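Novice: Here the sequence shown stands for residues 1 to 275, numbered as in full-length UniProt numbering.
For each residue, glycine too, the CB sits at the ideal point set by N, CA and C.
Fair warning: this is a prediction, and the values are worked out from it, not measured in the lab.
Quick one: this structure, given as structure tokens, is what I'll be asking you about.
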Amino acid sequence: MMRDRRMAAGADNWVFRSSGGIDRLEARFTGVAFAPHRHDTYAIGITVAGVQTFDYRGASRHSLPGQIVVLHPDELHDGRAGDGLPFQYKTAYVAPADIQRVLDGRPLPFIKGDVSDDPGLHRVVCELLDDLDSPMEDLEREQAITDLTAALSQASGADLPTGVQNHAAVLRARDFIEANLDRAPTLADLEQAAHYDRWRLSRDFRALLGASPYRYLIFRRLDRARGMMSRGAGLAQVAQAAGFADQSHFTRHFKKTYGMTPRIWAAMHRRSRSA
């Protein structure tokens, strides 16, 4: 995919935008990338290569590979290479209204310094920007917003409030997910099934079951897929029956979870069964 992006846009300057879900992109530029401008969204990204330099809130900022950049809504900024060499980054544009749905009236989080090394924020942003080639499912998008809001709040020093988890509601949501592996449920669906506010449900679900509702859905789909593969089903058939968009979508999630492709896993399983 990277080679295709370069061929399409030239060796030095290109932009690849994801399709579906949260507005996400990966870009590479040399020299001055863009003049001063504003967004009506948060721009939250990570520098992949080079030095990303920008003027923001009266000072020049510099982001090195692995650092997180958080540009707040309606703040003037530009962008350029900081050392004369190409720089590359990934960014997600998130509407304040989406963040506010999780905050429920609390002030939007503000990251001082704009360039962050906060480990929690780094983990969430990397997960959000990891796979730009696949459109996000509705539940995946909603969960990403929830996780990002929590990470931004923590990094800004304003953690979201916690309390006693609603165990019964979490179990109702879990049962709904397990009964609907082949569809794409949303947090609104889980809210209705659990009779509990969707954003609190998302936090309680992770606290009690160790994974977000979306990750739980993926784990259960992968369990179904491994069962079918162990019985000799083909990968295309498995991907469709387990609820994935296509075989490549299935393969990416399988490798991310188990560290190997489903084809290798199936071959190892056959060898083990024969032995």
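Quick one: Cα of phenylalanine 34 to Cα of alanine 81, how far?
Specialist: 10 Å
Novice: DSSP state of threonine 91, grouped into three classes?
Specialist: strand
Novice: Are the C-beta atoms of proline 86 and some chain D residue less than 8 Å apart?
Specialist: Given the protein chain composition of this structure (a single chain), no chain D is represented.
Novice: How long is the line joining the alpha carbons of valine 170 and asparagine 180, rounded to whole angstroms?
Specialist: 15 Å
Novice: Alpha carbon to alpha carbon, how far is alanine 173 from arginine 183?
Specialist: 14 Å
Novice: Quick one: what does DSSP say histidine 72 is sitting in, helix, strand or coil?
Specialist: coil
Novice: Compute the Euclidean distance between the alpha carbons of glutamine 247 and alanine 59, then round it to the nearest angstrom.
Specialist: Each residue's alpha carbon lies about 47 Å from the other.
Novice: When the distance is taken between beta carbons, is alanine 151 closer than 8 Å to valine 115?
Specialist: no
Novice: Quick check on DSSP: helix, strand or coil for valine 115?
Specialist: In the structure shown, valine 115 adopts extended strand secondary structure according to DSSP, grouped into three states.
Novice: Which partner residues of histidine 77 appear in the DSSP bridge assignment?
Specialist: In the DSSP assignment, the residues bridged to histidine 77 are His37, Tyr56.
Novice: Going straight from the alpha carbon of aspartate 40 to that of serine 230, what length do you get?
Specialist: Between aspartate 40 and serine 230, the C-alpha separation is close to 49 Å.
Novice: Which two residues bound the contiguous beta strand (DSSP E) that contains arginine 106?
Specialist: Run containing arginine 106: none; DSSP gives neither H nor E here.
Novice: Please look up how many angstroms separate the CB atoms of cysteine 126 and isoleucine 44, rounded, as I've assumed it's under 8 Å.
Specialist: At roughly 11 Å, the Cβ-Cβ gap does not stay under 8 Å, so cysteine 126 and isoleucine 44 are not in contact.
Novice: State the start and end residues of the unbroken alpha helix (DSSP H) segment that holds leucine 25.
Specialist: Premise fails: leucine 25 lies in the beta strand (DSSP E), 23 to 29, not in any alpha helix (DSSP H).
Novice: Does the Cβ-Cβ distance between arginine 119 and serine 156 come in under 8 Å?
Specialist: A small correction: the amino acid at residue 119 is proline; arginine does not occupy that position in the sequence shown. No.
Novice: Would you be able to state if there are at least three C-beta pairs under 8 Å between the region 193 to 209 and the region 235 to 242?
Specialist: No, they do not touch.
Novice: Would you tell me roughly how many angstroms separate the C-alpha atoms of glycine 50 and histidine 37, rounded to the nearest one?
Specialist: 22 Å
Novice: Just curious, the alpha helix (DSSP H) that arginine 206 is in, first and last residue?
Specialist: 198 to 209
Novice: In its own chain, which residues sit with a C-beta less than 8 Å from the C-beta of isoleucine 99, not counting the 5 before and 5 after it?
Specialist: Tyr42, Leu108, Pro109, Ile145, Leu148, Thr149, Leu152
Novice: Quick one: what does DSSP say residue 279 is sitting in, helix, strand or coil?
Specialist: Because the chain is modelled from 1 through 275, residue 279 falls outside the range shown and cannot be assessed.
Novice: Can you tell me whether DSSP reads serine 19 as helix, strand or coil?
Specialist: Annotated three-state conformation of serine 19 is coil, per DSSP.
Novice: Just the Cα atoms here: how many angstroms apart are alanine 266 and arginine 220?
Specialist: Straight-line Cα distance between these residues: approximately 18 Å.
Novice: Please tell me whether arginine 24 and glutamine 88 are closer than 8 Å, where the distance is taken between their beta carbons.
Specialist: no
Novice: In angstroms with no decimal places, state the Cα-to-Cα distance between alanine 92 and tyrosine 258.
Specialist: 27 Å
Novice: Could you give the distance in angstroms between the alpha-carbon of glycine 227 and the alpha-carbon of leucine 209?
Specialist: 22 Å
Novice: Count the other CB atoms, across all protein chains shown, that sit within 10 Å of the CB of arginine 263; report buried if there are 16 or more and exposed otherwise.
Specialist: exposed
Novice: By the three-class DSSP mapping on this structure, what secondary structure does residue 305 have?
Specialist: Nothing about residue 305 can be reported from this structure: the residues present for the chain run from 1 to 275 only.
Novice: Hey, could you find the ends of the alpha helix (DSSP H) alanine 184 is sitting in?
Specialist: Careful: alanine 184 lies outside any alpha helix (DSSP H) and carries neither H nor E.
Novice: According to DSSP, is serine 212 helix, strand or coil?
Specialist: coil
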